[in-house]
Amino acid sequence: MLGAIMRFARLLGIGSVASLAMFTVACGGDDKPPGAVVTQDTGADTALPPDTEGDTSTPDTGDTTVGDTTVVDTGADAKTDTTVTDTATEPDVPLGTDAMFIPDTLLDATKIEGGVPDAGGDEVFGDSTVGPDASSALVPVGTACTTSAACDPTGAGVGICSSQFAPPDTLDPSPSCMALACEGGSADVGKSCGLGGAGLCIPGGAKGHCLDKCTFGSTGAASGCLGKTGCRPWSWTRVGGGVTGTGYCSAGCGADADCSAGQKCQTESGYCVATVTTYPKAVGATCTASSECACRINALSGLGYCVKACKTGDATAGCPTGFTCDPGLPATDTGGALFSGVPSGLLGICWKNCTTDAECTPLGGHCESNTATGVKVCRVP
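If you want it as structure tokens, here you go:
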């Protein structure tokens, strides 16, 4: 159980981002929409009936009058038109067994709308594959949930409740909807995702995972996460003379009371679990293996010490005396000042306070202060 949780924790690492370009919703109808051009004969032919939809003969076979200018649909889909690109934006209409119709979420190319989204989310002319739309852009990422039903509006299984990600553990103190794949796959890591761009695509699986997005600055509190769930920093950018950070919501418990559904808090990771693992060593003790504690090991020296997860500004999910909860926000970079302080609600690590390198050498670290906390700690690379 813990192995699965720790793998998930490592999966949710910190990296850099790019901005999102969301897909456009484009759908069409099955019948001839407004704007179709179907004209009647303009010659003196009165014996033959007017041209009907789909007539491609110009002039009509049998016409005895020259000057027939009949044309077929040139501006929108008609029942027999197979060459006109669908540019309409109205939702699909029900067809056959497609009673619960879903608008397309990927841009249509040349096709006639059939009202039945295929398994990939986009329809092409002649595609008879019937299946739910698996687009992550339809998943209400960040919405509170207890089961996955509310997170999977299309029935494709791409949207689940975070409490179902690693059963029997619920992981987040306040579970929310997530998507098991990002719209553009792993290429979207660091971009917005989910319904309305409410999520952030992070590494995971073959196509990334879309988790609830949060934002923060140098002061105040991080916003975007539900209840006791914490905000894990991912990236930041300078905005209007200040700095704005972006992260994703995960973990954050400090006590059993923070968890739901009878779960308990694994304080070393901040995750809510069905069964807590008890470690033989306490925070701050030297260690060389993950079986001893949440051991932060220097890969070069093989030395390390026991740390734990924490959440800034939360006494329950904070650090013991002599340790500082540091989410790793930089005070400066090559462009100048960045974070002048640390807002509450961010996930971090409890690092041991120090004054000299000599205190940190046996722990595999160095004594340094290079983040917005302004506190010197034994940081292990």
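If you count by the working numbering, then the sequence shown holds residues 47 to 427, one letter each, in order. All C-beta atoms, glycine included, are put in the ideal place defined by N, C-alpha and C. In this text the structure is predicted, and so the values were computed from the model without any measurement.
Compute the Euclidean distance between the alpha carbons of residue i and residue j, then round it to the nearest angstrom.
i, j, result
"Ser-220", "Ala-196", "15 angstroms"
"Ser-281", "Val-235", "12 angstroms"
"Pro-213", "Gly-201", "20 angstroms"
"Ala-297", "Lys-398", "22 angstroms"
"Pro-373", "Thr-358", "8 angstroms"
"Ile-343", "Pro-427", "8 angstroms"
"Val-319", "Gly-300", "12 angstroms"
"Gly-382", "Cys-406", "29 angstroms"
"Ser-336", "Leu-346", "16 angstroms"
"Pro-178", "Ile-248", "24 angstroms"
"Ser-415", "Lys-422", "4 angstroms"
"Cys-207", "Ala-361", "28 angstroms"
"Pro-199", "Ser-222", "14 angstroms"
"Ser-386", "Gly-286", "15 angstroms"
"Ala-328", "Phe-211", "29 angstroms"
"Ser-264", "Thr-321", "36 angstroms"
"Gly-368", "Gly-243", "40 angstroms"
"Leu-375", "Leu-384", "8 angstroms"
Report the residue from the options whose alpha carbon sits nearest the alpha carbon of residue i.
i, options, result
"Thr-216", "Lys-310, Thr-367 and Asp-179", "Lys-310"
"Ala-307", "Thr-192, Cys-365 and Leu-184", "Thr-192"
"Tyr-325", "Thr-334, Glu-338, Ala-377 and Val-319", "Glu-338"
"Gly-410", "Leu-384, Ala-377, Phe-385 and Gly-330", "Gly-330"
"Asp-181", "Phe-385, His-255, Ser-222 and Ser-386", "Residue identity check: residue 181 is Ser in the sequence provided, not Asp. Taking only the C-alpha atoms, the option nearest Ser-181 is His-255."
"Ala-303", "Ala-233, Ala-363 and Pro-408", "Ala-363"
"Thr-380", "Gly-348, Arg-284 and Leu-349", "Arg-284"
"Pro-408", "Ser-209, Cys-239 and Thr-332", "Thr-332"
Which same chain residues end up closer than 6 angstroms to residue i when comparing Cβ atoms and leaving out the 5 residues on each side of it in sequence?
i, result
"Gly-288", "none"
"Gly-291", "Phe-262, Pro-279 and Trp-282"
"Thr-275", "Asp-218, Pro-219, Ser-220, Cys-295 and Gly-298"
"Ala-355", "Ser-315 and Gly-316"
"Cys-305", "Pro-219, Cys-299, Cys-311 and Cys-318"
"Ser-194", "Ile-206, Cys-207 and Gln-210"
Would residue i and residue j be called neighbours here (beta carbons separated by less than 8 angstroms)?
i, j, result
"Thr-370", "Thr-419", "yes"
"Ala-190", "Val-204", "no"
"Ala-377", "Thr-334", "no"
"Leu-257", "Gly-273", "no"
"Cys-396", "Cys-424", "no"
"Cys-352", "Cys-365", "no"
Cutting at 8 angstroms between CB atoms, please list the residues of its own chain near residue i, excluding the five before and the five after it.
i, result
"Asp-403", "His-412 and Cys-413"
"Gly-251", "Leu-226 and Ala-227"
"Leu-241", "Ala-183, Leu-184, Val-185, Pro-186 and Val-187"
"Gly-348", "Thr-334 and Gly-410"
CB-CB under 7 angstroms to residue i, same chain, minus the five flanking residues each way: which ones, in chain order?
i, result
"Cys-277", "Cys-260, Phe-262, Ala-268, Gly-270, Cys-271, Gly-293, Cys-295, Gly-391, Leu-392 and Leu-393"
"Lys-253", "Ala-227, Cys-228, Gly-231 and Ser-232"
How about residue i: is its C-beta nearer than 8 angstroms to some C-beta of chain B?
i, result
"Ser-306", "Note that chain B does not occur in the displayed structure, where there is just one protein chain."
Exercise for review: Please confirm if the stretch 224-240 is in contact with the stretch 310-328, defined as three or more CB-CB distances below 8 angstroms between the two stretches.
Suggested key: Under the Cβ criterion (8 angstroms, minimum of three pairs), the stretch 224-240 does not count as touching the stretch 310-328.
Practice item. Check whether the stretch 383-399 touches the stretch 259-274, taking contact to mean three or more Cβ pairs, one atom from each stretch, closer than 8 angstroms. Key: yes
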